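> Before anything else, here's the structure in question.
In the UniProt record's numbering, the protein residues as written are 1 to 196.
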């Protein structure tokens with residue numbers, strides 16, 4: 001069981017540990033990250049989707065892949081997450097247009113943006129990114145990690161329609177988010193089939 005708010009005592013409703021909400025959120029993020037590292041170490045398959053800010057493309061890819069894995073009955077065999085190359089949006093929810101696009105397709109997500117960590121390069125089997133800038137940033141960061149084992153690729157390299165780049169829809173409109181969804185769906189489906 002994971003609590004989303006700090007524990008309170010039953011007698012007075014106050015937090016007996018003196019942990020504020022921000023600190024509690026940080027503790028939960030560390031616990032979740034440790035769980036993901038441990039799951040990856042036990043032989044689970046693992047994939048991290050990455051874009052610049054982790055509020056548009058990568059959370060869509062993560063949610064789409066999780067839905068495909070769930071529908072295929074293999075979600076318990078995977079560690080699935082997403083992250084950003086930058087720290088601009090850490091802790092933020094995905095873009096509302098992306099959330100609306102996902103909901104339109106029957107997909108929900110409660111993801112919060114985070115930045116890629118050094119541990120990610122050791123704990124994830126695959127790090128799949130959206131464009132050449134992401135790829136360059138990730139390869140540069142991977143060089144600073146002594147035991148990096150992740151295979152870093154463009155998610156678009158799995159696209160049966162050969163659209164390598166998944167363009168950032170941030171400055172676009174709903175149609176641009178729909179295009180990202182469609183590309184992620186094609187790519188994630190092909191990636192899952194290849195790694196079944």
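Backbone N, C-alpha and C fix where the C-beta goes; we use that ideal spot for every residue, glycine too.
As the structure is a computational prediction, the values presented were derived from the model and not from experiment.
#1: Where does residue 81 sit, in a helix, a strand or coil, going by DSSP?
#2: What does DSSP give as the partner residues of residue 48 in its beta bridges?
#3: Write down the C-beta distance between residue 47 and residue 128 rounded to the nearest angstrom, noting that I regard them as a contact closer than 8 angstroms.
#4: Among the residues of its own chain, which have a CB less than 6 angstroms from the CB of residue 75, if the five just before and after it don't count?
#5: For the beta strand (DSSP E) that contains residue 68, what are its first and last residues?
#6: If you draw a straight line from the alpha carbon of residue 174 to that of residue 97, how long is it in whole angstroms?
#7: Do residue 64 and residue 138 have their C-beta atoms closer together than 8 angstroms?
#8: If residue 130 sits next to residue 148, beta carbons under 8 angstroms apart, how far is it from one beta carbon to the other, in whole angstroms?
#9: Leaving out the 5 sequence neighbours to the left and right, which residues in its chain are closer than 7 angstroms to residue 59 when beta-carbon positions are compared?
#10: Do residue 72 and residue 155 have their beta-carbon atoms positioned less than 8 angstroms apart in this structure?
#11: DSSP three-state call for residue 164: helix, strand or coil?
#12: Quick check: residue 180 and residue 57, are their CB atoms within less than 8 angstroms of each other?
So, from the data block:
#1: strand
#2: 81, 127
#3: 6 angstroms
#4: 69
#5: Counting along the chain, residue 68 falls outside any beta strand (DSSP E), though it belongs to the alpha helix (DSSP H) covering 57–71.
#6: 6 angstroms
#7: Going by C-beta atoms, residue 64 is not nearer than 8 angstroms to residue 138.
#8: The pair is not a contact, with the Cβ atoms about 20 angstroms apart (cut-off 8 angstroms).
#9: 82, 94, 98, 109, 111
#10: no
#11: coil
#12: yes
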